[in-house]
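Going letter by letter, the sequence shown gives residues 7 to 410 in the numbering used here.
See structure below.
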Amino acid sequence: MLATWLAGVGLNVARIDATAPAARDSIRILDVSERAHARYRDLIVTIADGAPAFQPAANGFPAEIRFGMTDACFGHAMIAELIRPADRPAAGEPESAGFLTLVARIAKSDATVLVLGETGTGKEGVARFIHASSKRADGPFVAVNCAALPDTMLEAMLFGHAKGAFTGAAGASEGLFRAAEGGTLLLDEIAELPLPLQAKLLRALQEREVLPVGATKAIPVNVRVIAAANRELAEEVAEGRFRADLYWRLNVMPLLLKPLSQRRLDVRAITATLLLRHLEEGDAFPWPTNAALDRLMSHGWPGNVRELENVLQRAMLLRRGDRIEADDLAIEAGTLAACQQVRAAPKAARNVVRLADAARSSEAAAIEEALEACNGHRLRAAERLGISERTLRYRLADLRRQAA
7 MLATWLAGVG LNVARIDATA PAARDSIRIL DVSERAHARY RDLIVTIADG
57 APAFQPAANG FPAEIRFGMT DACFGHAMIA ELIRPADRPA AGEPESAGFL
107 TLVARIAKSD ATVLVLGETG TGKEGVARFI HASSKRADGP FVAVNCAALP
157 DTMLEAMLFG HAKGAFTGAA GASEGLFRAA EGGTLLLDEI AELPLPLQAK
207 LLRALQEREV LPVGATKAIP VNVRVIAAAN RELAEEVAEG RFRADLYWRL
257 NVMPLLLKPL SQRRLDVRAI TATLLLRHLE EGDAFPWPTN AALDRLMSHG
307 WPGNVRELEN VLQRAMLLRR GDRIEADDLA IEAGTLAACQ QVRAAPKAAR
357 NVVRLADAAR SSEAAAIEEA LEACNGHRLR AAERLGISER TLRYRLADLR
407 RQAA
């Protein structure tokens with residue numbers, strides 16, 4: 007049953023003899039009765055009634071996981087997350103596994119890719135997967151958020167600049183295109199590029215060369231470009247905010263990421279990933295109950311994966327028992343529910359929530375709600391928040407740095 011489930015989420019598995027020689031980099035899933043043959047990279051599985059548990063690999067001993075039939079669904083999701091390749095996004099839906107198979111096929115070509123999806127759906131993760139699955143995998147992967155830099159700096163950041171090209175340019179800079187030479191350049195939130203810079207980007211893509219600011223001679227580049235946007239670029243073209251010729255140059259291989267609300271089984275897989283990511287060394291794994299998983303999988307997740315991560319981090323800090331219960335999840339009422347949860351938490355847990363963290367959480371929630379209400383449109387969201395669009399860009403960039 008486990009092998010069938012793993013194959014259904016796109017992971018290559020095969021039955022093995024635990025006593026046979028194993029490839030050095032392989033990960034084997036062994037029954038607890040085969041413990042004597044386990045290596046450090048392997049995973050030992052015990053299927054038994056009782057409380058589920060997970061022990062990470064440490065001190066030369068392999069990771070171990072134990073669960074009964076009651077917790078089998080999340081147990082299978084945990085196993086999948088423990089054995090999947092590091093660059094492959096988490097997937098629990100068969101449709102998502104099929105999508106990743108398509109992405110891997112696209113990665114084999116050198117075509118420009120346009121990744122579309124709401125904020126927080128995992129566009130950068132898909133871009134990294136494309137890079138890792140491509141013939142450029144040994145080259146650099148460089149990501150730039152076009153909304154996080156001042157307009158005056160973007161051209162120099164992308165294309166580089168000559169010494170003395172502008173005030174403060176004490177030396178020359180190669181720029182991100184040349185930094186990604188032989189690899190992949192992700193232009194995230196490309197809809198935020200100013201129109202004049204869009205024309206220069208188009209020329210760079212067509213001619214495969216860049217002209218640094220202040221230079222007189224263009225420099226050839228060998229870079230695969232992946233663009234990402236949280237708004238429909240065709241609508242931006244219709245509104246005159248995005249160049250039609252650049253849109254068609256980028257739209258060679260479009261990929262649309264569905265919102266998390268349409269990927270229920272992915273919620274379970276991503277939950278396993280996030281709990282493993284935020285597990286502190288030495289802490290017991292906070293295995294969620296089925297009721298908690300049902301609540302997570304039934305929520306609409308307007309903030310997508312970022313919202314899910316916030317909810318799980320709070321639950322890990324403020325849970326009342328060894329497991330994450332449904333009542334430990336403050337999701338429906340957003341920030342208000344989170345604040346109420348903090349007040350209701352045991353005193354020992356309350357000490358870990360700082361005022362600065364609460365303020366950041368409130369700001370992030372307000373920004374996410376404004377972007378959701380405006381369908382990701384930054385200018386309208388900024389007006390709704392009573393700040394400038396530039397200030398909103400800086401706030402978003404700051405929140406991303408804190409979350410990294």
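Using N, Cα and C, we set each Cβ at its ideal position, and we do this for glycine too.
Through-space distance from residue j to residue i, alpha-carbon basis
i	j	result
residue 273	residue 22	30 Å
residue 341	residue 335	Residue placement at residue 341 cannot be trusted, given a pLDDT of 47 that sits under 50; the coordinates are not used to answer.
residue 47	residue 276	22 Å
residue 252	residue 196	11 Å
residue 189	residue 150	14 Å
residue 375	residue 215	40 Å
residue 221	residue 406	33 Å
residue 304	residue 279	18 Å
residue 133	residue 326	38 Å
residue 209	residue 31	43 Å
residue 35	residue 45	10 Å
residue 243	residue 319	39 Å
residue 65	residue 40	19 Å
residue 248	residue 203	11 Å
residue 185	residue 124	28 Å
residue 83	residue 402	31 Å
residue 328	residue 316	19 Å
residue 241	residue 121	15 Å
residue 397	residue 246	23 Å
residue 393	residue 324	33 Å
residue 131	residue 93	8 Å
residue 294	residue 331	6 Å
residue 353	residue 322	Residue confidence is low: residue 353 scores 47 on pLDDT, short of 50, so the model does not pin down where it sits. Its coordinate-derived value is still stated next. Cα to Cα, residue 353 sits roughly 15 Å from residue 322.
residue 95	residue 311	12 Å
residue 162	residue 217	10 Å
residue 63	residue 300	29 Å
residue 313	residue 395	22 Å
From the options, residue whose alpha carbon lies closest to that of residue i
i	options	result
residue 200	216, 158, 228	158
residue 58	48, 46, 76, 335	76
residue 268	47, 306, 150	306
residue 52	37, 102, 393	37
residue 2	54, 132, 100	The displayed coordinates of the chain run from 7 to 410. Any statement about residue 2 would go beyond what the structure contains.
residue 372	123, 325, 308, 320	308
residue 49	71, 64, 28, 403	71
residue 239	147, 393, 256, 17	256
residue 400	152, 33, 19	152
residue 111	331, 179, 137, 283	137
residue 183	103, 232, 27	232
residue 271	86, 142, 224, 377	86
residue 89	386, 165, 33, 74	33
residue 18	181, 369, 91	91
Cβ-based burial, residue i [other Cβ within 10 Å; buried from 16]
i	result
residue 15	buried
residue 42	exposed
residue 254	exposed
residue 13	exposed
residue 286	exposed
residue 229	buried
residue 7	exposed
residue 436	The chain is shown only over 7 to 410; residue 436 falls outside these bounds and no answer can be derived.
residue 69	buried
residue 129	buried
residue 117	exposed
residue 226	exposed
residue 115	exposed
residue 290	exposed
residue 262	exposed
residue 213	exposed
First and last residue of the uninterrupted beta strand (DSSP E) at residue i
i	result
residue 157	It is not in any beta strand (DSSP E) - residue 157 instead sits in the alpha helix (DSSP H) that spans 157-165.
residue 60	59-61
residue 70	69-73
residue 151	147-151
residue 20	Where residue 20 is concerned, there is no enclosing beta strand (DSSP E), given that its DSSP letter is neither H nor E.
residue 52	49-53
residue 232	230-235
residue 122	119-122
Range of the contiguous alpha helix (DSSP H) that encloses residue i
i	result
residue 263	From DSSP, residue 263 is part of no alpha helix (DSSP H); its letter is neither H nor E.
residue 34	Premise fails: residue 34 is in no alpha helix (DSSP H) and is neither H nor E.
residue 279	270-283
residue 256	250-256
residue 101	100-113
residue 80	78-89
residue 136	129-138
residue 312	310-324
residue 15	That residue, residue 15, is in no alpha helix (DSSP H); it is neither H nor E in DSSP.
residue 243	239-244
residue 302	296-304
Exercise. Can you give, in chain order, each stretch of the beta strand (DSSP E) that sits fully within the stretch 172-225 and has at least 3 residues?
Worked result: 190-194
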